[in-house]
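Have a look at the structure below before the remarks.
Protein chains in written order, with this note's numbering: chain V, 1 to 110; chain Z, 111 to 226.
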């Protein structure tokens with residue numbers, strides 16, 4: 001499974017756009033990139049998944065360059081409630097084993 | 111919206127006791143998982159389950175642990191003889207198998223286990 005590297009923590013202010021970048025140099029051809037969000041004392045929640053280029057949903061955008069060795073989760077206009085840990089995962093879609101890294105702790109300030 | 115439900119939300123037990131954590135996955139999902147998260151640490155994979163057997167397990171999932179799908183709805187994690195270091199939040203998750211499987215995991219709210 002491809003290892004991922006993310007910043008340990010990030011700070012932002014309400015209303016700003018936040019970009020969290022994840023490095024996955026050893027990504028395999030059939031690997032997808034998935035991001036989860038976790039609030040304290042809750043289970044992780046799926047945010048977005050992509051394979052290449054750009055994916056957008058109602059919550060976030062995911063930018064993946066052509067070499068797929070990194071990806072950037074973009075959260076538009078964050079609010080205080082976006083304070084959470086964000087995990088970048090890389091693996092085959094539908095695989096039996098999804099491994100979480102340490103994640104990025106995002107603090108959104110007023 | 112369908113959700114994964116877990117019981118109990120919190121269980122306190124004495125070291126050496128057996129504990130069973132219960133999960134009801136989303137009804138049309140076929141893959142099931144247990145993860146755990148020790149306070150302040152990352153989410154750790156324990157085991158995945160498909161077609162009534164374990165698909166994959168981590169080194170954490172030793173002989174003390176077992177999983178079962180006793181009926182068509184429940185998915186349980188049993189810890190035979192709990193140790194202090196088993197204190198953690200245990201998350202159940204499920205995923206749907208379709209032609210366009212995205213691999214999205216749906217997590218429950220967790221069961222907090224405290225071993226004294």
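Don't be surprised by glycine CBs; every beta carbon is placed ideally from N, CA and C. Since the model is a prediction, treat every value here as computed from it, not as a measurement.
Alpha carbon of residue i to alpha carbon of residue j, nearest angstrom
| i | j | result |
| --- | --- | --- |
| residue 27/V | residue 127/Z | 42 Å |
| residue 151/Z | residue 53/V | 32 Å |
| residue 69/V | residue 86/V | 18 Å |
| residue 64/V | residue 43/V | 26 Å |
| residue 4/V | residue 60/V | 20 Å |
| residue 158/Z | residue 182/Z | 17 Å |
| residue 37/V | residue 22/V | 14 Å |
| residue 103/V | residue 88/V | 7 Å |
| residue 20/V | residue 47/V | 13 Å |
| residue 134/Z | residue 141/Z | 12 Å |
| residue 136/Z | residue 45/V | 15 Å |
| residue 129/Z | residue 34/V | 32 Å |
| residue 154/Z | residue 146/Z | 5 Å |
| residue 17/V | residue 199/Z | 32 Å |
| residue 119/Z | residue 148/Z | 15 Å |
| residue 203/Z | residue 196/Z | 19 Å |
| residue 144/Z | residue 165/Z | 12 Å |
| residue 112/Z | residue 217/Z | 11 Å |
| residue 167/Z | residue 173/Z | 11 Å |
| residue 106/V | residue 75/V | 11 Å |
| residue 100/V | residue 41/V | 16 Å |
| residue 163/Z | residue 224/Z | 28 Å |
Whole-number beta carbon distance between residue j and residue i, since they are thought to touch under 8 Å
| i | j | result |
| --- | --- | --- |
| residue 108/V | residue 82/V | 5 Å |
| residue 221/Z | residue 116/Z | 5 Å |
| residue 192/Z | residue 132/Z | Not really, about 16 Å apart at Cβ, beyond 8 Å. |
| residue 226/Z | residue 122/Z | 7 Å |
| residue 206/Z | residue 138/Z | 6 Å |
Collapsed DSSP secondary structure at residue i in the structure displayed
| i | result |
| --- | --- |
| residue 131/Z | strand |
| residue 166/Z | strand |
| residue 172/Z | coil |
| residue 194/Z | helix |
| residue 210/Z | Bear in mind that the predicted position of residue 210/Z carries a pLDDT of just 41, short of 50, making it unreliable; the figure below should be weighed with that in mind. Note: residue 210/Z maps to coil in three-state DSSP. |
| residue 89/V | strand |
| residue 23/V | strand |
| residue 82/V | helix |
Cβ-based neighbour list, residue i, same chain, cut-off 7 Å, excluding 5 preceding and 5 following
| i | result |
| --- | --- |
| residue 124/V | Here chain V covers residues 1 to 110 and nothing more, so residue 124/V does not appear. |
| residue 210/Z | Unreliable positioning characterises residue 210/Z in this predicted model, as indicated by a pLDDT of 41, which lies under 50. A coordinate reading is not provided. |
Sequence-distant residues of the same chain with beta carbon closer than 6 Å to residue i, five excluded per side
| i | result |
| --- | --- |
| residue 51/V | 32 |
| residue 190/Z | 128 and 174 |
(message) Counting beta carbon pairs with one atom in the region 168-188 of chain Z and one in the region 2-18 of chain V, are three or more of them shorter than 8 Å?
(response) no
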